[in-house]
Structure formats: C-alpha cells, structure tokens
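Asks: Below are the structure tokens for one structure; questions will follow.
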Amino acid sequence: MGESKANSQIALNVDKVSYRYPTILALNDVSFSIEAGTFTVLLGANGAGKTTLYSLATRLFNTQTGNIHIFGLHLKKNSSQALKKIGVVFQRQTLDVDLTVKQNLRYHAALHGLKRKDAIERVNLRMEKHELIDLADRKVNQLSGGQRRRIEIARALIHEPRLLLLDEPTVGLDIQSRQDFITHTRNLCKEDGVSVMWSTHLIDEVYPDDSLIVLRKGEVADFGMVAEVLKRTATNSVAEAFHKLNNAESNSE
Amino acid sequence: MNFVSYYRCFQGIGIREGLRFVHQRGRFFSALVRPLVWLFIFAAGFRSVLGVSMIAPYETYVLYEEYITPGLVGMILLFNGMQSSLSMVYDREMGSMRVLLVSPLPRWYLLSCKLMAGVSVAVIQVYVFLLISFFWDVEPPLIGYLAVLPALFVSGLMLGAMGLLLSSLVKQLENFAGVMNFIIFPMFFASSALYPLWRVRDSSLLLYYFCEFNPFTHAVELIRFALYGQFNSTAAIVVLSVLIVFLCGSIYGYDPSRGFMARRPGGGGG
Numbered sequence: 012m013g014e015s016k017a018n019s020q021i022a023l024n025v026d027k028v029s030y031r032y033p034t035i036l037a038l039n040d041v042s043f044s045i046e047a048g049t050f051t052v053l054l055g056a057n058g059a060g061k062t063t064l065y066s067l068a069t070r071l072f073n074t075q076t077g078n079i080h081i082f083g084l085h086l087k088k089n090s091s092q093a094l095k096k097i098g099v100v101f102q103r104q105t106l107d108v109d110l111t112v113k114q115n116l117r118y119h120a121a122l123h124g125l126k127r128k129d130a131i132e133r134v135n136l137r138m139e140k141h142e143l144i145d146l147a148d149r150k151v152n153q154l155s156g157g158q159r160r161r162i163e164i165a166r167a168l169i170h171e172p173r174l175l176l177l178d179e180p181t182v183g184l185d186i187q188s189r190q191d192f193i194t195h196t197r198n199l200c201k202e203d204g205v206s207v208m209w210s211t212h213l214i215d216e217v218y219p220d221d222s223l224i225v226l227r228k229g230e231v232a233d234f235g236m237v238a239e240v241l242k243r244t245a246t247n248s249v250a251e252a253f254h255k256l257n258n259a260e261s262n263s264e
Numbered sequence: 033m034n035f036v037s038y039y040r041c042f043q044g045i046g047i048r049e050g051l052r053f054v055h056q057r058g059r060f061f062s063a064l065v066r067p068l069v070w071l072f073i074f075a076a077g078f079r080s081v082l083g084v085s086m087i088a089p090y091e092t093y094v095l096y097e098e099y100i101t102p103g104l105v106g107m108i109l110l111f112n113g114m115q116s117s118l119s120m121v122y123d124r125e126m127g128s129m130r131v132l133l134v135s136p137l138p139r140w141y142l143l144s145c146k147l148m149a150g151v152s153v154a155v156i157q158v159y160v161f162l163l164i165s166f167f168w169d170v171e172p173p174l175i176g177y178l179a180v181l182p183a184l185f186v187s188g189l190m191l192g193a194m195g196l197l198l199s200s201l202v203k204q205l206e207n208f209a210g211v212m213n214f215i216i217f218p219m220f221f222a223s224s225a226l227y228p229l230w231r232v233r234d235s236s237l238l239l240y241y242f243c244e245f246n247p248f249t250h251a252v253e254l255i256r257f258a259l260y261g262q263f264n265s266t267a268a269i270v271v272l273s274v275l276i277v278f279l280c281g282s283i284y285g286y287d288p289s290r291g292f293m294a295r296r297p298g299g300g301g302g
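Protein chains in written order, with the numbering used here: chain B, 12 to 264; chain Y, 33 to 302.
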C-alpha cells in the first residue's frame, strides 16, 4: 500500500528506524507507513520490538537512526505539534488507581493544556461515548480490568488525536472483555475516522480488511493489506502467513 | 502552546498531587509524626546534654527544641523530596510517568511542574509542623513565618530536584533503600540540623568540612535565618546554585535521547 495512494495522508511514517540498547539491537532498519483512517495491526511475537517501536513513536525516547513523521510532522524536530496528534494506550495500566475516573480524565485534559471549560466538555463527551458516566465518581481501584481499559482509551482520545497507538491493549483481559474492547475500539475508530496502530501477538485480533505489519526480531517481515500479505506468502490465513514469515526468516539466518 | 496551556498543565499536575496527598492520609501523618517524635522525645532527652550557646541568628541562649526546629523542617522537605522521587520511580514502573511525558508540553516544564507540586505539598506539612511546635514553646517572631516561605520553596525545590535526579539514576525501586542509607541519613546527620557546626568542629575537623559542603546544611541554615526574619546570603547562593545543578541534571536524566529510558529495553516499564 502507500504508493498507489500517493495523495492520501500518511498518519505515521517510520523510515529506516534502527534502535540499539546497550546489549541488543531492538529495531533494525524498520520502515512502514500507516494511512490516515486505517486500522493497522502490528503483529509480532514477544520481544519482536513492538514496545520499543511504541516508545519511539510516542517520543519517550528519540530515534538513534532514521525518522518518524506523524501526519508529516517530524517527531524530533516538531515534537509538540506531533504529540498533540497522538493518543496512546500503553501496554501496562497507567491510571491513578486512588483517583476517580473523572479525575483521571481531567488530569489528562490538563496535561494537554485544554482550557477548563473545554476539558470538562470533552471529558463528559468521552465518558458518554465510552459508557463511563455511571462510573465517573468511582475510584479506579474498584473497577475491573475491562473497565479500566475503556477509561484508558477514553483518556487517549480526549485531546482528539488523529492517530491512536495501542500497545498490546488486550493483555490481561478475560476473553469477554477482550472481545468487547476490540469491538469497542474498532467501532470508535470507524465513527471518528481515527487512524489506529494496534500491536498484538494474538493472531485472532487481525481482521481481514486490516492493514498488517509483521515484525520479527526487530525487522519488518512483511507489510501491507492482509489480502496482499496472504497473496505474497501464498497462504490462506493470517496464522499461516505469520508462521511462514517467521520460519522463512529463521531459515535464512 | 500558549500561556493558558502551560497554566492548565501546571494546575492539572498540582491537583493530581493534591488529590493523591488527600487520598493517602497515612502519608501525611507519618510525614508529620517523624519530626514531631524528634521534637517531643529526642529534643527533650538531649536538652540537657546539648546546651546551645548564642550563635546567629539567635539573640539569646535557646533551648534545644528551638535549635532543632529548622532542622526538622529541613527533614520534612528532605523526606518529602525523596518520597516524591520514590513515587516517580514507582510512577515510572507503573507507567504513569509515561502519561506525563507524552504531553505535548516541553519535558523540562513537565518535570518542573511535578517538582513544584511536590514541594507545595511539603510546605503545607511544614506549616502544620510549625503550628504544633508553636504550642511546644518554639515561638519564632511572627514575621518569620512569612519570611520562611521562599526559603522553604527554594530548599524544597533543591531537595526535590535532588530526588528527581536520583530517580533518573536509580534503575529499580529496590535500589531505593540504598539511597536512603547512603544519601538521606548521612545528609541529615552530617548537617547543622541537629547540632551547631562548631560543636562538630570540636570533635572532628574532617567531618566539619563535610558538613560545610553538604547542601542540606545550607538549606537548614537558610530556613533557620529566615524563620528569625534574617537572610543568610551564603546559604541562599549555595542552595540556589545546587538547585540549578540538580535540576539541569534531572532534566538531562529524563531527556529522550540521553537519559535513563533510552538505555533500558522497554523504556522503564511496560
């Protein structure tokens, strides 16, 4: 994808990004781009470099080599503008558990510098959309894992970002909550037109019309619409394709 | 990003710190009990052992309780600074540091806000402590209560910045016990908080120099003079300079290209 739609906007562009920790090379020459309005799944086994990629895309730390652009804005040079366009749901739960749902959301609105009135309005709107109104004054430590995740996605969307980054958001959820959360996020993105990058190691979280990035040991093994990836790998399912891509790379080593 | 955004961000961080403080009442009481135990018990016991002669800023002989009060105020600020940096290591492990750092505002500003919010909480504790010690016959002049406010903020910020710097260096929560033993206790005991430095000089010249170089000594002296409506310029210069050094160090420590996070797989949590 990408070259056929040169005129459309690119939500996230990762260009030749490598990242090395003192002992390991976490990402090696990673390049891909996510088109605005699409749902992209970043599929990779544990240790494939997904979280490092998220840390770089949210500028928790800077790229060592290569560049990242968010809607055309260079993340390092124009970080403030770029960060405004991103909403993040981290792999680990990051709410203040002894504060209420509303307090958590308002804190986030303030961090993004929203005026008080706007902050209140948007927090209310988000609570409504994410069915959190009844929980507004409950402390987070009284809520279930699924509810907490819903708060986190509501929080990530308060400042109306155009790109939502979720790093293994379903880890630790039970089967029902996981399914609910997936449906909920996908519907929202469709409604609001938000671009999404969703990382996972669970193959059943990939839907047929998604865009797919397969990450293996810090390298992009394949990248394209699911149908394209299946065609290229001559397989019938994502599971098969993932298996084949992983094995192909290990054989070539 | 305009002025309103900066203000709102500061307000948000302040409110969060305030709410957490209110929700963790145990923290407030333990922070208050610690210096009170020293004042009520330790000072009473040592009153007769340690007579304090006339030294600036005191105009007369003072009781030991009165002497150690500024030191105990320093203790509140020191422990609070450490506590908030401990909570920062915890925040980092729990990920809420990440939430803070993805804000579009500059990182130095976010860290400074966090520091300021933590110090404000400590200053409230200090005033409650001073109020209680007033009834324990520690009665500095009224103007002192006002004059001490800027001294509290500057000293609190210095100690908070030190904590912030430590939090960027300490890799895990477990290492923090070591920080307590190797930094906090020596800093507190090798200072003018509990005994005038001339007494230390009588017993050990080396220790005396060590105390003189301890920034905590200067924080305590700044507070002590301010509490009696006087200004100790040496202490002020030292505290401000050390504050700047620690603050720059901690901003460097949290820098996205150089700091602790870039060195660790996963970026410190999650």
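Ideal Cβ positions, reconstructed from N, Cα and C, are used throughout, including at glycine.
(1) Only counting runs of 4 or more residues, tell me where the alpha helix (DSSP H) segments fall wholly within the segment 190 to 233 of chain Y, in order along the chain.
(2) Which residue marks the beginning of the beta strand (DSSP E) containing D129 of chain B, and which one marks its end?
(3) Mind listing the chain Y neighbours of N57 of chain B? Cutoff is C-beta to C-beta under 7 Å, in chain order.
(4) Write down the C-beta distance between Y45 of chain Y and W140 of chain Y rounded to the nearest angstrom, noting that I regard them as a contact closer than 8 Å.
(5) Just reading off the beta strand (DSSP E) that A47 of chain B is part of, what are its end residues?
(6) L174 of chain B by DSSP, collapsed to three states: which one?
(7) Report all residues from its chain with a CB closer than 6 Å to the CB of R233 of chain Y; omit the five preceding and five following residues, and keep chain order.
(8) Assign W230 of chain Y to one of two classes, buried (16 or more other C-beta atoms within 10 Å of its C-beta) or exposed (fewer than that).
(9) Using a Cβ-Cβ cutoff of 8 Å, what residues of the segment 111 to 127 of chain B are near chain Y? List them in chain order.
(10) Closest Cβ-Cβ distance between S11 of chain B and chain Y: below 8 Å?
(11) DSSP three-state call for F43 of chain B: helix, strand or coil?
(12) Please say whether S206 of chain B and G83 of chain B have beta carbons closer to each other than 8 Å?
(13) R149 of chain B lies in the beta strand (DSSP E); which residues open and close that run?
(14) How big is the Cα-Cα spacing for P218 of chain Y and K140 of chain B?
(15) Give the C-beta separation of L110 of chain B and K150 of chain B to the nearest angstrom, bearing in mind that I take them to be a contact with Cβ-Cβ under 8 Å.
(16) My assumption, with CB atoms under 8 Å, is that V225 of chain B sits in contact with F253 of chain B. Please give the rounded CB distance.
(17) Can you look up N115 of chain B in the DSSP assignment and give me helix, strand or coil?
(18) Quick one: does the C-beta of D233 of chain B sit closer than 7 Å to a heavy atom of the ligand NAD?
(19) Out of B:A245, B:V112 and B:S42, state which residue places its alpha-carbon closest to the alpha-carbon of D145 of chain B.
(20) Only counting the same chain, and skipping five residues up and downstream in sequence, which positions put a Cβ closer than 7 Å to that of S199 of chain Y?
(21) Can you give, in chain order, each stretch of the beta strand (DSSP E) that sits fully within the segment 119 to 176 of chain Y and has at least 3 residues?
(22) Going by C-alpha distance, which of Y:Y38, Y:F74 and Y:S165 is nearest S91 of chain B?
(23) Rounded to a whole number of angstroms, what is the C-alpha to C-alpha distance between M194 of chain Y and G113 of chain Y?
(24) In angstroms with no decimal places, state the Cα-to-Cα distance between R197 of chain B and S222 of chain B.
(25) From the DSSP output, which residues share a beta bridge with G235 of chain B?
(26) Would the beta-carbon of V134 of chain Y fall within 8 Å of that of T69 of chain B?
(27) Report the three-state DSSP secondary structure of R79 of chain Y (helix, strand or coil).
(28) Is it buried or exposed, K96 of chain B, if we count other Cβ atoms within 10 angstroms and call 16 or more buried?
(29) Any idea what DSSP makes of K228 of chain B, helix, strand or coil?
(30) Could you check where the beta strand (DSSP E) with V25 of chain B kicks off and where it finishes?
(31) Could you check which residue in Y:T249, Y:G285, Y:T266 and Y:V36 has the C-alpha nearest to that of F341 of chain Y?
(32) Which residues in chain Y have a C-beta closer than 7 Å to the C-beta of K95 of chain B? List them in chain order.
(33) Which complete beta strand (DSSP E) runs does the segment 50 to 128 of chain B hold, if anything under 3 residues is left out?
(34) Using the beta-carbon of each residue, which ones in chain B are nearer than 9 Å to L201 of chain Y?
(35) Is G150 of chain Y close to chain B, meaning its C-beta is less than 8 Å from at least one C-beta of that chain?
(36) T194 of chain B lies in the beta strand (DSSP E); which residues open and close that run?
Replies: In short, the structure shows the following:
(1) Taking only runs of at least 4 residues, the alpha helix (DSSP H) segments lying wholly in the segment 190 to 233 of chain Y are 208 to 211 and 217 to 221.
(2) Here residue 129 of chain B corresponds to residue number 118 of the first sequence, with the count starting at 1. Per DSSP, D129 of chain B lies in no beta strand (DSSP E) segment; the continuous alpha helix (DSSP H) that holds it begins and ends at R127 to K140.
(3) Residue mapping note: residue 57 of chain B aligns to position 46 of the first sequence, counting from 1. None at all; the shortest Cβ gap to chain Y is about 11 Å.
(4) Sequence index remark: in the second sequence, residue 45 of chain Y carries index 13 (1-based). Sequence index remark: in the second sequence, residue 140 of chain Y carries index 108 (1-based). In the sequence as presented, Tyr is not what sits at residue 45 of chain Y; that position holds Ile. Going by Cβ atoms, the distance from I45 of chain Y to W140 of chain Y rounds to 14 Å, so no, they are not a contact pair.
(5) By one-based count along the first sequence, residue 47 of chain B stands at place 36. Segment: none, A47 of chain B is in no beta strand (DSSP E) and carries neither H nor E.
(6) Locating residue 174 of chain B in the first sequence gives position 163, counting from the first residue. Strand.
(7) Position 201 of the second sequence, counted from the start, is the residue given in the question as residue 233 of chain Y. Only Y240 meet the Cβ criterion.
(8) Residue numbering aside, residue 230 of chain Y sits at position 198 when the second sequence is read from its first letter. Burial call: exposed.
(9) Q114, R117, Y118, H119, A120, A121, L122, H123, G124, L125, K126 and R127
(10) Coverage of chain B is limited to positions 12 through 264, which leaves residue 11 of chain B absent and any answer about it impossible.
(11) If you number the first sequence from 1, residue 43 of chain B lands on position 32. F43 of chain B: strand per DSSP, three-state reduction.
(12) As a working mapping, residue 83 of chain B is identified with position 72 in the first sequence. As a working mapping, residue 206 of chain B is identified with position 195 in the first sequence. The answer is no: Cβ separation not under 8 Å.
(13) Within the first sequence, residue 149 of chain B is the residue found at index 138, counting from 1. Taken as a continuous stretch (DSSP letters only), R149 of chain B belongs to no beta strand (DSSP E), as it is neither H nor E.
(14) Taking the first residue of the second sequence as 1, we reach residue 218 of chain Y at position 186. Taking the first residue of the first sequence as 1, we reach residue 140 of chain B at position 129. If I take the Cα positions, the gap works out to 54 Å.
(15) Residue 110 of chain B sits at position 99 when you count from the first residue of the first sequence. Residue 150 of chain B sits at position 139 when you count from the first residue of the first sequence. At roughly 7 Å, the Cβ-Cβ gap stays under 8 Å, so L110 of chain B and K150 of chain B are in contact.
(16) Residue mapping note: residue 225 of chain B aligns to position 214 of the first sequence, counting from 1. Residue mapping note: residue 253 of chain B aligns to position 242 of the first sequence, counting from 1. Sure, about 6 Å apart at Cβ, within 8 Å.
(17) Within the first sequence, residue 115 of chain B is the residue found at index 104, counting from 1. The answer is helix: DSSP assigns N115 of chain B an H, G or I state.
(18) Among the ligands in the structure shown, none appear at all, so the ligand NAD cannot be discussed.
(19) The residue given as residue 145 of chain B occupies position 134 in the first sequence. The shortest Cα separation from D145 of chain B among B:A245, B:V112 and B:S42 belongs to B:V112.
(20) Counted from its first residue, the second sequence places residue 199 of chain Y at position 167. Cβ within range, chain order: S117, M120 and V121.
(21) The beta strand (DSSP E) runs lying completely inside the segment 119 to 176 of chain Y and spanning 3 residues or more number zero.
(22) The count along the first sequence starts at 1 and reaches residue 91 of chain B at position 80. Residue Y:Y38 is the option with its Cα nearest to S91 of chain B.
(23) As a working mapping, residue 194 of chain Y is identified with position 162 in the second sequence. As a working mapping, residue 113 of chain Y is identified with position 81 in the second sequence. Between M194 of chain Y and G113 of chain Y, the C-alpha separation is close to 8 Å.
(24) Sequence index remark: in the first sequence, residue 197 of chain B carries index 186 (1-based). Sequence index remark: in the first sequence, residue 222 of chain B carries index 211 (1-based). Answer to the nearest angstrom: the Cα atoms are 13 Å apart.
(25) Along the first sequence, read from residue 1 onward, the residue named residue 235 of chain B stands at position 224. For G235 of chain B, which the question treats as bridged, DSSP gives the partners B:L223.
(26) Here residue 134 of chain Y is taken as the residue at index 102 of the second sequence, counted from 1. Here residue 69 of chain B is taken as the residue at index 58 of the first sequence, counted from 1. Closer than 8 Å, so yes.
(27) The residue given as residue 79 of chain Y occupies position 47 in the second sequence. R79 of chain Y: coil per DSSP, three-state reduction.
(28) Mapped onto the first sequence, residue 96 of chain B falls at position 85. With 16 or more other Cβ atoms within 10 Å, it is buried.
(29) For the purposes of this step, residue 228 of chain B is taken as residue 217 along the first sequence, with counting starting at 1. K228 of chain B falls in the coil class under three-state DSSP.
(30) If you number the first sequence from 1, residue 25 of chain B lands on position 14. Where V25 of chain B is concerned, the enclosing beta strand (DSSP E) stretches over I21 to R31.
(31) This structure leaves residue 341 of chain Y out entirely; chain Y is present only between 33 and 302.
(32) To locate residue 95 of chain B, count along the first sequence from 1; it is residue 84. Within chain Y, the residues near K95 of chain B are P136.
(33) 50 to 55, 76 to 81 and 97 to 100
(34) Reading the second sequence from its first residue, position 169 is the one you call residue 201 of chain Y. Here the premise fails: no neighbours, minimum Cβ distance about 16 Å.
(35) Residue numbering aside, residue 150 of chain Y sits at position 118 when the second sequence is read from its first letter. It does not; no Cβ of chain B falls within 8 Å.
(36) The residue given as residue 194 of chain B occupies position 183 in the first sequence. Element bounds for T194 of chain B: not the beta strand (DSSP E) but the alpha helix (DSSP H), I186 to D203.
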